[in-house]
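Below is one structure, written out as structure tokens; the observations come after it.
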Amino acid sequence: MLTPTEILIRETHTANSAGFANAPRVHTALTAAAEKRLLVWLARRTPASIGPDHLTALGFLAQIFAGAGYALAAHDPRVLLLVNLCLFLNWLGDSLDGTLARVRNQQRPRYGFYVDHMADTFGALALIAGLAASGYLHWPIAAGMLAGYYILAIESYLTTYTIGSFHLSHGLFGPTEIRILLVAGNFVLLARPHAHLAGQTYLLFDVGGVVAIAAMALMAVVTAARHTALLYRQETRR
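Numbered per the numbering used here, the sequence shown finishes at 266, counting up by one with no gaps.
Shown next as structure tokens:
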């Protein structure tokens with residue numbers, strides 16, 4: 029005999045399977061248009077033996093190894109070059125998996141959405157933890173960056189549920205732009221790990237981290253205010 033919880037899960041699954049609607053994707057980042065063309069080109073040339081799940085696993089593992097690479101860079105800065113390779117593989121796996129599923133008409137919208145973003149959640153934690161252990165970024169700033177990322181992610185997921193549109197980026201910045209900035213920063217770290225501002229010397233990534241925290245906080249406040257106003261107007265009219 030099923031428990032009340034099991035009955036609820038079964039009923040929810042039946043309802044979702046029958047009426048689930050995939051939210052439209054909104055992507056306004058700087059590289060979005062060119063990236064989409066490139067991903068479709070790659071998807072059409074991907075061997076049949078490689079599926080979306082393989083790419084999701086590649087992206088997730090690459091992000092884990094990127095975090096490990098940052099930690100190891102505390103002992104040998106040249107490991108930052110391997111971190112850049114991992115960031116590229118993370119982009120390839122994380123960005124191509126969904127495109128490949130759409131090109132092959134093999135979409136699993138609920139499964140894909142859930143697995144992809146849980147992988148991003150744990151992957152971001154590994155990446156930031158590695159940065160905090162690298163010596164190139166102080167841990168309080170690393171914690172602030174992680175909190176900012178999670179706040180924006182939560183806002184995006186809530187928007188998908190309440191408004192019905194899935195925002196892959198906030199303004200002109202999305203995951204690809206963040207990876208590009210990290211790769212460029214890693215190359216700079218090899219030659220100049222410090223920045224000089226107003227007569228003071230700071231870690232380069234500390235400066236970048238503070239700027240990133242401020243930018244994410246601003247994005248979160250502006251986006252939350254806009255979506256709150258939108259939902260209020262929509263539901264007040266009823």
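Every residue, glycine too, gets a C-beta built ideally from N, C-alpha and C.
- Under the three-state reduction of DSSP, His224 is assigned to strand.
- A straight line joining the alpha-carbon of Trp69 with that of Val239 spans about 35 angstroms.
- If you look at Tyr164, you'll find it isn't in any alpha helix (DSSP H); DSSP assigns it neither H nor E.
- Under the criterion of beta carbons closer than 8 angstroms, Thr84 and Asp144 qualify as touching, at roughly 6 angstroms.
- Per DSSP, the beta-bridge partners of Phe201 are His198.
- For His166, the closest of Ala243, Arg138 and His222 by C-alpha to C-alpha distance is His222.
- In this structure Leu159 touches Tyr98 by the C-beta definition: roughly 5 angstroms separates them, less than 8 angstroms.
- Residue nearest to Gly236 within the set Ser162, Met173 and Leu66 is Met173 (criterion: CA-CA distance).
- With 16 or more other Cβ atoms inside 10 Å of its own Cβ, Phe201 counts as buried.
- Put simply, the region 120-137 touches the region 70-77. At least three CB pairs are less than 8 angstroms apart.
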